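Working notes, structure below.
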Amino acid sequence: MTAAKDKDEEVTMNQVHTYPDGTQVVGMPPFPAKSPKEEATEAAAPIPRMHVPQGVKQTGEADAVDTSATREQFEAKVAQQLKADVMSGKD
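If you read the sequence shown in our numbering, its first letter stands for residue 175, the second for the next number, and so on.
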C-alpha cells in the first residue's frame, strides 16, 4: 500500500523545468514552450506601426486639406465658410 501511496505523491509533486537559456520554472507539466525570459523580451518589444496609406482618414482626425486646390480657391472656400458661420451665429 505504501508503494501506491508513493506513486500518487510523486504524480502530484511539482517539477523544475530548465529552458535552454538557463531560466527555470516550477510546476506541473506541460510547461510553456517559451521561457519566461523569451516571453518578457517579446512583451517589451515595440509594437510595429501599421502602414496607413497617405490620405486615408483615421478615426478622430480632421478632414484633410485638399492640396489640389489653388490658393485662391482655398481662400474663397475659407471666406465662404466664415460667412456661413457668421450668418448662423457661430463664433
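For each residue, glycine too, the CB sits at the ideal point set by N, CA and C. Here the structure is a predicted model, which is why all the values come from computation and not from measurement.
Going by beta-carbon coordinates alone, are residue i and residue j separated by less than 9 Å?
i, j, result
"residue 213", "residue 203", "no"
"residue 193", "residue 200", "no"
Ignore the nearest five residues each way along the sequence and tell me which others in residue i's own chain have a CB closer than 8 Å to its CB.
i, result
"residue 195", "209, 211, 212"
"residue 232", "226"
Between which two residues does the beta strand (DSSP E) carrying residue i extend?
i, result
"residue 254", "Careful: residue 254 lies outside any beta strand (DSSP E), inside the alpha helix (DSSP H) at 245-262."
"residue 192", "189-192"
"residue 200", "198-201"
Quick check: is any heavy atom of the ligand NAD less than 8 Å from the C-beta of residue i?
i, result
"residue 247", "This structure lacks the ligand NAD, and indeed carries no ligand of any kind."
Cutting at 7 Å between CB atoms, please list the residues of its own chain near residue i, excluding the five before and the five after it.
i, result
"residue 228", "none"
Evaluate residue i with the Cβ neighbour count: other Cβ atoms within 10 Å of its Cβ, from every protein chain shown; 16 or more gives buried, anything less gives exposed.
i, result
"residue 242", "exposed"
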